[in-house]
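Colleague:
There are 2 protein chains.
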Amino acid sequence: MRASELFMPTLKEDPADSEAVSHRLLVRGGFVRRFSAGMYIFLPLGWRVMERVNSIMREEMNAIGGQEVSMPTLHPAEVWKETGRYDEIGPEMFRLNDRSDRPMVLAMTHEEIFAWMAGRELRSYRDLPQTWYQIQLKFRDEPRAKGGILRVREFLMKDSYSFDIDEAGLEESYARHAGAYDRILSRCGLDFYRVDSDPGMMGGAQAHEYMAPSAAGEDRVAICPACGYAANTELARSKANAAQGEEESGPREVATPGQKSIEQVSDFLGIPASSLIKTLAYQHEDGFVLALVRGDHELRESKLARYLQHPVRAASPDEVAEVMGTDVGSIGPVGASVRVVTDEALSPRGPAGKRGYVVGANKNDIHLRGVVPGEDWETEFTDLHEVQEGEGCPDCGAPVHLEQVIEVGNIFKLGTRYSEPLGATVLGEDGKERPLVMGSYGIGPARVAAAAVEQNHDDDGICWPRAIAPFDVYMVTVKMEDEKQRELSQELYTRMTEEGWECLWDDRQERAGVKFKDAELIGCPVRITVGRGATDGLVELEARVGKEREDVPVDRLMARMQEVWQAAP
Amino acid sequence: MRASELFMPTLKEDPADSEAVSHRLLVRGGFVRRFSAGMYIFLPLGWRVMERVNSIMREEMNAIGGQEVSMPTLHPAEVWKETGRYDEIGPEMFRLNDRSDRPMVLAMTHEEIFAWMAGRELRSYRDLPQTWYQIQLKFRDEPRAKGGILRVREFLMKDSYSFDIDEAGLEESYARHAGAYDRILSRCGLDFYRVDSDPGMMGGAQAHEYMAPSAAGEDRVAICPACGYAANTELARSKANAAQGEEESGPREVATPGQKSIEQVSDFLGIPASSLIKTLAYQHEDGFVLALVRGDHELRESKLARYLQHPVRAASPDEVAEVMGTDVGSIGPVGASVRVVTDEALSPRGPAGKRGYVVGANKNDIHLRGVVPGEDWETEFTDLHEVQEGEGCPDCGAPVHLEQVIEVGNIFKLGTRYSEPLGATVLGEDGKERPLVMGSYGIGPARVAAAAVEQNHDDDGICWPRAIAPFDVYMVTVKMEDEKQRELSQELYTRMTEEGWECLWDDRQERAGVKFKDAELIGCPVRITVGRGATDGLVELEARVGKEREDVPVDRLMARMQEVWQAAP
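Protein sequences, first through last, are from chains A and B.
Heads up: the first sequence begins at -17 in the working numbering, then just goes up one per residue.
Heads up: the second sequence begins at -17 in the working numbering, then just goes up one per residue.
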């Protein structure tokens, strides 16, 4: 394509609202534009990248027997009511009424509709397994749409759904998808992990996420370099490090005038934070609960919610005062007549094995020393604290490493979570009706593209992995007025096109400096420069990564370009 | 692809709600399923057809310099308020609020967003012309979703938008699009007309529609076989045929006891309906109006609305009684102190040239005879009646022909209808800001597919035009248990795939009769049958259209298939 005919509005300045590197570079490079909060426009260059990701996804989905279909995105509320998600899901779901005042929703995902169709169209175990996929819009009303195209309210997703007769079949479908997802992301040039994850609103037994390491990510994963354990910190477990400093003594009061925070109390008493207990108050559907973690740990609310099987929210100061009779900063578990859940790192029988701690006394300016969790108050132990860098791997004990990541895909074993409420059954081999055993699987192509930019850029712009670059080659003609340069460029452009290279020919009437800057910003893997050397039959070849330049005789260009291409990421 | 691995749920019975042939055959052939009112699922076969139409559209759009982008479908209401369409458009527009109670709409079309972007990104006449397109969802809350995939509430559309510096530029962009649309629809195998049409909610100066003749269509066009005049009956003009039977006499009352309808009065007085005037009462924004057409003509409301520049509705009997002081069946223009609009066919200076008519007298059981339109009452003449079969072409006078059609595409000269309210300007050559001159252009791939089915089928199923068939070849293996047949089929399947044929191999464990029926229903252009002849190296070749069968030696199959293919529609 000729740049003079391409709408590629590159920018010299960063966008005002830029947060992530990918956002900054994709806007500056003329790939995307923000239309409104969480709504993005894909310009021609951006859409080319998306189409390349899409076609890789199609190839790999077809290779595992996936069949492409297309589902509506506007759904009558009924089908979401049948599975209970109409009520379970909060304001993330866009809701509306049609002209007859019939309630509708915009698809956040498509489990309901695929299960609905499978229930109607599949008759018998002989029709199984089936894998259906689509590349279709999803809508989620994110409270804080940000990070450019990383967290948006409308986005394309490749979502697939597998249908099997039993759990063993699901295991196979799930493994096939995991393989396809590995290949898709590898082909797109991403570094990524597959990690254990929380099924969340999808329900089901087990789930994994595909995570691309990037500082712009909104998730964190815990990785064990020794054994390969990998999990989202939403649910990652760990062996807490040992803690010293406080001995068991039976609860005894100590005056801590004006000392409220962990840091204050730790300083005041001269003991490490790991000898203190943080008492946090939550409300959930069944009432008020205290959650305890060690002073040097952070509570992970998603773990508490999963343990309680209900969403939770921090109790307000008024609620705390009413139930506990004291300030938020002074509460503690001893003598409290409420449900208490304690992080297992505090268990005397846990890996840290420690018994004595300092905890709030439910009186202002007083703490209790020498308390023993599970002995000085009745409690349930469970995993509540967020894994910390260097804690022990739950599987092998080696120190885990934490990494900021972008979620680019996820896979769920749904089992019969959807098929049962929707009555999606088939006849089994024994002649009995059985609910379909389902899996669901998603990859967001825009997230893949953004993660690729996060992982592949330098100060001058993007360094696209070759499989998803908008063009393979960026050819700069230094002086379009120069007949020699123009003719050689035309000849090379024709030859490249014939040989299957996608070439963006910068034939604009612009200064060479502008063209070079745009070439680096847009980031095609290979750059060719047709300049003064044209008279001697020489052009300059440069790989975007590494930026090594060489003059190549025209008759060797195709061969040499192939080599540079093969060496590109 | 192997049929044993394809999800192709063909049905023996017609769907209960079937209205159009295309709906019946696309559901029975396993191409689509109805999910909900006006919401359709594309199954693998249906999606393959859509993708073929989409790629033809992409090729032709790229060939005229179109650049593919992708726009959000969920829009903040503001941008639709700026152009006034938020208020102009009625319940066809889906509306909702986001989590912050901000009003949003679902895209019915994308003029606003493209104009918004053009205004921000284009700076100067040097950036023009631009043609941007997308293949993106549209949402319209149709009051009567019906006809299968012909009239739905959510659908894909290829929509494009051209931006030029002036009207001359728009003319060129418009002509380029018209050419591309002709090629797209021809390549998709459709019979179609390009006709003048009413810009309707799009506004703008001129518009054309692409119409595919079909009894299932909801539109009608008037065509002049002599000179090529073609227009939607919404606005088609015509020279009314002459009328006889009543002479001018000055208005004189005649008793017509109990005679209300045109037919009754015509019979009672013994004069042709064309000598009578129908008086119809309407309400519009500026008030009450009488509209008059000849007794043998029908009023076309869209013409009245366009003339009055406001939507109209029939006045209620109470409203008529209040204004006219008599029954709906007795009203007439003589002596009425309201605005009267008269069809130009009734003009004494019109093509029919007649002067004397019979009209309601605003008294029950009385008519007026011998009245002269425009003389016996004050009136405006304009084109109001719907063109009739055999009336004179407005251009050449030859008899016009009416045809029922499906609208598959439309093109609009928008001018500055959107760029002005949205402030989308560029610098002209004279250094002054000028509003962009826009065109917009749409084709619905599902309508194209449905129209192709309407125009290409027989009693046994679909006969797909070859460019958009889901597969090129349907190969039936009569007996999969027969090793000879199975092996020959496998060999042919491999060879066809290598040579670029898309082959659907019916390798299912089904009776041959079932396979043949499905082959005819699904309607691929060529069928190959591998049966008993396999032992002698013979297969049967059959074109879907015409169904001529021939036995072909295996070594001549590829060559012969090519010939049959070329002869297919």
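No residue lacks a Cβ here, since even glycine has one placed at the ideal position from N, Cα and C.
Since we're looking at a predicted model, the values are computed, not measured.
Between residue 43 of chain B and chain A, is the shortest Cβ-Cβ distance under 7 Å, so that the two count as touching?
Modeller: no
Colleague: When you check each C-beta in the stretch 283 to 295 of chain A against every C-beta of chain B, which residues fall closer than 8 Å?
Modeller: none
Colleague: Using a threshold of 7 Å, state whether the C-beta atoms of residue 248 of chain A and residue 237 of chain A are closer than that.
Modeller: The answer is no: Cβ separation not under 7 Å.
Colleague: Under the rule that 16 or more other beta-carbon atoms within 10 Å means buried, what is residue 336 of chain A, buried or exposed?
Modeller: buried
Colleague: Evaluate contact between the stretch 156 to 176 of chain B and the stretch 404 to 417 of chain B, counting only Cβ atoms and requiring at least three cross-stretch pairs below 8 Å.
Modeller: A contact between stretches requires three or more CB pairs, one per stretch, nearer than 8 Å, and the stretch 156 to 176 of chain B fails this requirement with the stretch 404 to 417 of chain B.
Colleague: According to a CB-to-CB cut-off of less than 7 Å, which residues of the stretch 64 to 75 of chain B neighbour chain A?
Modeller: 73
Colleague: Can you check DSSP and say which residues form a bridge with residue 260 of chain B?
Modeller: Residue pairing from DSSP places residue 260 of chain B in a beta bridge opposite B:275.
Colleague: Enumerated in chain order, which unbroken segments of the beta strand (DSSP E) with a length of 3 residues or greater are wholly contained in the stretch 512 to 540 of chain B?
Modeller: 520 to 525, 531 to 535
Colleague: Bridge partners for residue 510 of chain B per DSSP, in chain order?
Modeller: B:457, B:523
Colleague: Is there a Cβ from chain A that is less than 7 Å from the Cβ of residue 29 of chain B?
Modeller: yes
Colleague: Just reading off the alpha helix (DSSP H) that residue 389 of chain B is part of, what are its end residues?
Modeller: Note, residue 389 of chain B: premise wrong, no alpha helix (DSSP H); beta strand (DSSP E) at 383 to 397.
Colleague: Please state whether DSSP places residue 65 of chain B in a helix, a strand or coil.
Modeller: coil
Colleague: Contact defined as beta carbons within less than 8 Å: I believe residue 76 of chain B pairs with residue 141 of chain B. What is the distance between those atoms, to the nearest angstrom?
Modeller: With a Cβ gap of about 17 Å, residue 76 of chain B and residue 141 of chain B do not count as contacting.
Colleague: Under 8 Å by Cβ, that's how I've got residue 97 of chain A and residue 420 of chain A pegged, so tell me the actual separation to the nearest angstrom.
Modeller: 6 Å
Colleague: Which of the three DSSP states, helix, strand or coil, is assigned to residue 479 of chain A?
Modeller: helix
Colleague: Which chain B residues sit within Cβ distance under 7 Å of residue 306 of chain A?
Modeller: The contacting residues do not exist; residue 306 of chain A stays about 33 Å from chain B at best.
Colleague: Pull the bridge partners of residue 14 of chain A from the DSSP assignment, please.
Modeller: A:24
Colleague: Can you say whether residue 285 of chain A is buried or exposed, counting buried as having 16 or more other CB atoms within 10 angstroms of its CB?
Modeller: Label assigned to residue 285 of chain A: buried.
Colleague: Where are the alpha helix (DSSP H) runs, 4 residues long or more, that stay fully inside the stretch 118 to 193 of chain A, in chain order?
Modeller: For the stretch 118 to 193 of chain A, whole alpha helix (DSSP H) runs of length 4 or above, ordered along the chain, are 149 to 169.
Colleague: Say whether chain A places a C-beta atom closer than 7 Å to the C-beta of residue 37 of chain B.
Modeller: no
Colleague: Which residues, in chain order, does the stretch 44 to 61 of chain B contribute to contact with chain A at a C-beta distance below 8 Å?
Modeller: 47, 49, 50, 51, 52, 53, 54, 55, 56, 57, 58
Colleague: Tell me, please, which residues DSSP counts as bridged to residue 113 of chain A.
Modeller: A:144
Colleague: Could you name the residues that DSSP lists as bridge partners for residue 339 of chain A?
Modeller: A:353
Colleague: Since residue 201 of chain B is in the beta strand (DSSP E), which residue starts that stretch and which ends it?
Modeller: 201 to 205
Colleague: How long is the line joining the alpha carbons of residue 50 of chain A and residue 120 of chain A, rounded to whole angstroms?
Modeller: 17 Å
Colleague: If you count every other CB in all the chains shown that lies within 10 Å of the CB of residue 326 of chain A, and 16 or more means buried, which is it?
Modeller: buried
Colleague: Keeping to the same chain, check which residues put their C-beta closer than 8 Å to that of residue 270 of chain A; ignore five residues upstream and five downstream.
Modeller: These residues qualify, in order along the chain: 263, 264, 297, 301, 305, 320, 321.
Colleague: Taking only three categories from DSSP, how would you classify residue 446 of chain A?
Modeller: coil
Colleague: Considering Cα atoms alone, identify which of A:346, A:342, A:348, A:13 is closest to residue 355 of chain A.
Modeller: A:342
Colleague: 7 Å is my cut-off, CB to CB: does residue 85 of chain A come that close to chain B?
Modeller: no
Colleague: At a Cβ cut of 8 Å, what residues of the stretch 91 to 107 of chain A count as close to chain B, listed as they run along the chain?
Modeller: 95, 98, 99, 102, 103
Colleague: For the beta strand (DSSP E) containing residue 86 of chain A, name the first residue and the last one.
Modeller: Start and end: 85 to 88.
Colleague: Flag residue 131 of chain B as yes if its beta-carbon sits less than 7 Å from any beta-carbon of chain A, otherwise no.
Modeller: Under the Cβ distance rule, residue 131 of chain B does not count among the residues neighbouring chain A, no pair being separated by less than 7 Å.
Colleague: Counting along the chain, where does the beta strand (DSSP E) carrying residue 300 of chain B start and finish?
Modeller: It is not in any beta strand (DSSP E) - residue 300 of chain B instead sits in the alpha helix (DSSP H) that spans 299 to 306.
Colleague: Beta carbon of residue 275 of chain B, beta carbon of residue 214 of chain B: below 7 Å?
Modeller: no
Colleague: With H, G and I counted as helix, E and B as strand and the rest as coil, what does DSSP make of residue 288 of chain A?
Modeller: helix
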